[in-house]
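Have a look at the structure below before the remarks.
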Amino acid sequence: MKELTTADRLKQIMSERGLKQVDILEACKPYCERYGVQLKKNDLSQYVSGKVEPKQDKLSILGMALNVNEVWLMGYNVPAGRKELEKLEQQLQSEVTACELFEKCYGKETFEAVKLFVQLDTLDQGKVIGKMELMLEDEKYSAKEGSSSEQAM
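Under the UniProt record's numbering, residues 1 to 153 are what the sequence shown spells out, in order.
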């Protein structure tokens, strides 16, 4: 969720780090040269005043120069540091991979059931487990002589 503006974030960085606009422009120079982006005093002044929001190219330059996440710089409630975002992305990718593997092994219906189950509080999870255990006592789930489950063993 967006909580602040780019102007707010730039002012925050300037205050925390004791920077002036000219310092930010100096930090941006190598990135501007490398990527062929022009960031002028007037541009930065308008960003800091809140008159204009930077376009993606200049936002990226500012993010790299200040070593902050561009999404954070836009005012969203995400970690400020670039490394923190990378860690979150890796963690999310691991979770996605685990979910995909679970669904592949046990099927979509089982995966959906687990997604619903984990949304329940502990008390209701216990109730669901109890109901499932009762259902499994039903004759159709009990082992029968010569059943396919016994033959597989």
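Just so it is clear, CB atoms sit at the ideal spot from N, CA and C, and this is done for glycine as well. Bear in mind that the values here come from a model prediction, so they are computed numbers and not experimental data.
Can you tell me where the alpha helix (DSSP H) with residue i in it begins and where it stops?
{"i": "E26", "result": "Q21 to Y35"}
{"i": "Q56", "result": "Q56 to L66"}
{"i": "D124", "result": "T122 to L136"}
{"i": "V71", "result": "E70 to L73"}
{"i": "A113", "result": "K108 to F117"}
Which class does residue i belong to by DSSP, given the choice of helix, strand or coil?
{"i": "A152", "result": "With a pLDDT of 47 at A152, under the threshold of 50, the modelled position of that residue is not reliable, and no figure is offered here."}
{"i": "K41", "result": "helix"}
{"i": "K2", "result": "strand"}
{"i": "E145", "result": "The predicted position of E145 is uncertain, since its pLDDT is 45 and thus under 50; no value can be drawn from it."}
Roughly how many angstroms lie between the CA atoms of residue i and residue j, to the nearest whole one?
{"i": "K41", "j": "D57", "result": "16 Å"}
{"i": "R50", "j": "T5", "result": "Going by the sequence as given, residue 50 is Gly instead of Arg. Going by the C-alpha atoms only, they are around 8 Å apart."}
{"i": "G146", "j": "L116", "result": "Its pLDDT being 46, under 50, G146 is placed unreliably by the model, and the measurement read from it follows with that caveat. Each residue's Cα considered, the two are about 35 Å apart."}
{"i": "K140", "j": "V114", "result": "23 Å"}
{"i": "E3", "j": "A143", "result": "59 Å"}
{"i": "A7", "j": "L92", "result": "30 Å"}
{"i": "G107", "j": "M74", "result": "40 Å"}
{"i": "R34", "j": "A65", "result": "12 Å"}
{"i": "F102", "j": "F111", "result": "7 Å"}
{"i": "E16", "j": "C99", "result": "41 Å"}
{"i": "V22", "j": "Q90", "result": "35 Å"}
{"i": "P30", "j": "K11", "result": "22 Å"}
{"i": "V68", "j": "S94", "result": "24 Å"}
{"i": "R9", "j": "G36", "result": "24 Å"}
{"i": "I61", "j": "Q38", "result": "10 Å"}
{"i": "D138", "j": "I129", "result": "15 Å"}
{"i": "D121", "j": "L25", "result": "52 Å"}
Report all residues from its chain with a CB closer than 6 Å to the CB of residue i; omit the five preceding and five following residues, and keep chain order.
{"i": "L59", "result": "E70"}
{"i": "S149", "result": "Low per-residue confidence applies at S149: pLDDT is 47, beneath 50, and the placement is therefore not dependable, though the value from the model is reported in the following sentence. Excluding residues within five positions, none has a Cβ falling inside 6 Å."}
Less than 7 Å between C-beta atoms, sequence neighbours within five positions excluded: which residues of the same chain meet that for residue i?
{"i": "L19", "result": "I13"}
{"i": "L134", "result": "none"}
{"i": "S45", "result": "Q21"}
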